Ligand SMILES: [Zn+2]
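Residue numbers (our numbering): 2 to 166.
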């Protein structure tokens with residue numbers, strides 16, 4: 002066991018005992034690395050009689066890291082598995098739900114839109130004014146990205162409306 006601070010020779014026995022007692026209160030030896038450290042280098046633990054864990058914080062962090070790296074693949078596979086099974090189910094469920102409630106959802110959305118039209122407009126305008134440059138840039142990018150889609154949409158739109166007329 003390493004002594005963290007040596008007690009000078011000139012200290013009387015009474016004081017020595019007192020300091021030793023104090024020292025056990027202020028210091029603790031880690032069971033893992035064997036170093037004597039200040040107690041606040043140990044996490045609080047109510048189950049321990051002295052109120053601190055027997056392994057220092059640094060060692061616990063190392064342990065956790067080691068555990069993670071040792072089981073990294075397992076952990077990753079586990080979470081991937083979870084995503085694969087539950088994620089698929091969820092999206093399936095969602096799709097199904099949307100399919101089932103298509104009309105109602107549409108109705109709700111348009112109703113909500115109509116009810117909040119003015120607020121939405123105002124909010125959008127405010128946002129646009131505050132972020133004009135960003136919005137312009139974003140719009141440009143969006144157009145650039147969706148060029149083909151927009152062309153197609155316009156063609157379809159023209160075709161449909163000609164057919165109607
Ligand atoms: Zn330690």
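C-beta atoms are modelled at their ideal positions from N, C-alpha and C, and glycine is treated no differently. Only a predicted model underlies this, so the values are computations on that prediction, with no experimental measurement involved.
Exercise for review: Please find out if some non-hydrogen atom of ligand 1 comes closer than 8 Å to the beta-carbon of residue 56.
Suggested key: yes
Point to revise | Cβ contact (3+ pairs, closer than 8 Å) linking the region 33-43 and the region 54-65 | key: yes
Practice item. For residue 43, count neighbouring C-beta atoms within 10 Å of its own C-beta (all shown protein chains included) and say buried if the count is 16 or more, exposed if not. Key: buried
Check your understanding: In three-state terms, what does DSSP make of residue 63?
Key -> helix
Practice item. Could you check if residue 4 is buried or exposed, using at least 16 other CB atoms within 10 Å of its CB as the buried criterion? Key: Residue confidence for residue 4 is low, a pLDDT of 49 falling below 50, so the modelled location carries little weight; the figure read from the coordinates is stated next. The residue is exposed, with fewer than 16 neighbouring Cβ atoms inside 10 Å.
Check your understanding: Among 14, 41, 15, which one has its Cα closest to the Cα of residue 27?
Key -> Considering only alpha carbons, the answer is 41.
Review point. Does the Cβ of residue 36 lie closer than 8 Å to at least one heavy atom of ligand 1?
Key: yes
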